[in-house]
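Just so we're aligned: 103 in my numbering is position 78 of the sequence shown, and the numbers increase by one with no gaps anywhere.
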Amino acid sequence: MQNKSTLRVNQEKNIIQFVSCSGRGTISSIGNFSGQLSFDFLAQNDSSFFQFSDFLGRKVLLLALTSDSANAWNLIENKKYNHSQINDLLPVLSFIQPIDLTHFLWGENISFDHMDSLEFDNAKITFEISNPDNSLLNKAIFSDETNRNELLIIIKSRIPSIDFIDFRKYWNIILG
26 MQNKSTLRVN QEKNIIQFVS CSGRGTISSI GNFSGQLSFD FLAQNDSSFF QFSDFLGRKV
86 LLLALTSDSA NAWNLIENKK YNHSQINDLL PVLSFIQPID LTHFLWGENI SFDHMDSLEF
146 DNAKITFEIS NPDNSLLNKA IFSDETNRNE LLIIIKSRIP SIDFIDFRKY WNIILG
């Protein structure tokens with residue numbers, strides 16, 4: 026059996042380059058869909074996978090993102106959504122690209138000309154570092170004044186890894 030783990034070391038600085046990241050967080054919304062869900066995530070390169078659970082711990086939604094596409098499966102209603110349909114579930118994806126959300130999972134600053142927020146006509150996206158001991162982004166707030174919606178995403182834990190993740194099995198679950 027071939028070990029798919031990869032370890033990249035910058036020879037000049039002896040820095041380990043992580044290839045994947047996993048963690049947990051919460052997503053809260055006020056507006057058309059009010060409530061809170063917890064989620065687990067996996068991220069690697071330009072792709073990420075989310076598993077959302079309700080307050081009882083039931084899996085309710087799976088979300089797969091690549092650099093320019095998004096697919097979801099509502100497990101409660103057994104409905105699948107493509108990128109254009111997901112905007113109802115996650116309106117923030119109508120303003121940013123899926124790759125930006127993956128960068129956020131890594132804690133990376135999302136480049137909007139090096140601003141910490143992005144404003145549209147009646148919408149605003151703000152990224153924050155809520156833990157002063159950590160330099161990674163862990164909070165995103167999306168406010169849409171037109172539709173009176175607000176979405177708050179908080180990353181509660183983030184674990185970088187040197188292990189390669191085979192995302193094909195996750196894509197097959199959602200797309201199959």
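All residues carry an ideal CB built from backbone N, CA and C; glycine is no exception.
On a predicted model such as this, the values are computed, not experimentally measured, just so you know.
Using C-beta distances below 7 Å, list every residue in its chain close to aspartate 71, excluding the 5 sequence neighbours before and after it, in chain order. Looking up residue 71 in the sequence shown gives position 46. Excluding positions up to five away in sequence, the list reads Thr91, Ser92, Ile124, Thr127.
CB contact flag (phenylalanine 129, alanine 165, <9 Å): As a position in the sequence shown, residue 129 is number 104, starting the count at 1. As a position in the sequence shown, residue 165 is number 140, starting the count at 1. Yes. Within cutoff.
Which of the three DSSP states, helix, strand or coil, is assigned to isoleucine 198? Counting from one through the sequence shown, the residue named residue 198 turns up at place 173. The answer is helix: DSSP assigns isoleucine 198 an H, G or I state.
Just to confirm my understanding: we take phenylalanine 178, look at its own chain, exclude 5 residues before and 5 after, and list those with CB closer than 6 Å. What are they? One-based indexing of the sequence shown puts residue 178 at position 153. It is worth fixing the name first, because residue 178 is isoleucine in this sequence and not phenylalanine. So the list reads Ile52, Ala165, once near-sequence residues are dropped.
Let me confirm a value: arginine 183 is counted as buried when at least 16 other C-beta atoms fall within 10 Å, else exposed. Which label applies? The residue you call residue 183 lines up with position 158 of the sequence shown. Classification of arginine 183: buried, given that the 10 Å Cβ count is 16 or more.
Spatial distance of glycine 132 from proline 116 (CA atoms): Numbered from 1 along the sequence shown, position 107 holds the residue referred to as residue 132. Numbered from 1 along the sequence shown, position 91 holds the residue referred to as residue 116. Going from the Cα of glycine 132 to the Cα of proline 116 covers about 21 Å.
Alpha-carbon to alpha-carbon, alanine 97 and phenylalanine 167: As a first step, residue 167 must be located in the sequence shown, where it is residue number 142. As a first step, residue 97 must be located in the sequence shown, where it is residue number 72. Rounded to the nearest angstrom, the two C-alpha atoms are 20 Å apart.
CA-CA distance, glutamine 6 and glycine 60? With the chain running from 26 to 201 in the structure shown, residue 6 is simply not present.
Runs of alpha helix (DSSP H) lying entirely within the segment 116-192, each at least 4 residues, in chain order: Runs found: 123-131.
In the DSSP output, what is serine 53 paired with across the bridge? Taking the sequence shown and counting its residues from 1, the one referred to as residue 53 is at position 28. Paired residue(s): Gln61, Leu177.
Excluding sequence positions up to five away, which residues of its chain have a Cβ less than 7 Å from the Cβ of asparagine 163? Mapped onto the sequence shown, residue 163 falls at position 138. Here asparagine 163 has Gly132, Ile154, Ser155, Asn156, Ile179, Ile180 as same chain residues with Cβ atoms under 7 Å from its own Cβ, once five neighbours each way along the sequence are excluded.
In whole angstroms, give me the CA-to-CA distance for serine 73 and alanine 89. As a working mapping, residue 73 is identified with position 48 in the sequence shown. As a working mapping, residue 89 is identified with position 64 in the sequence shown. For serine 73 and alanine 89, the distance between alpha carbons rounds to 6 Å.
Counting only runs that start and end within the segment 60-109, where is the beta strand (DSSP E) found for 3 or more residues in a row? 60-69, 72-78, 84-90, 95-99, 104-106
Do you know offhand how far serine 54's Cα is from serine 109's? Walking along the sequence shown from the start, residue 54 turns up at place 29. Walking along the sequence shown from the start, residue 109 turns up at place 84. Going from the Cα of serine 54 to the Cα of serine 109 covers about 20 Å.
Would you mind sorting leucine 200 into buried or exposed? The rule is 16 or more other CB atoms within 10 Å of its CB. Against the sequence shown, residue 200 aligns to sequence position 175. So leucine 200 counts as exposed.
Can you name, in chain order, every residue of its own chain whose Cβ lies under 6 Å from the Cβ of valine 85, other than the five neighbours on each side? Within the sequence shown, numbered from 1, the residue matching residue 85 stands at position 60. If we look at valine 85 and ignore the five residues flanking it on each side, its Cβ neighbours are Phe77, Asp79, Leu100, Ile101.
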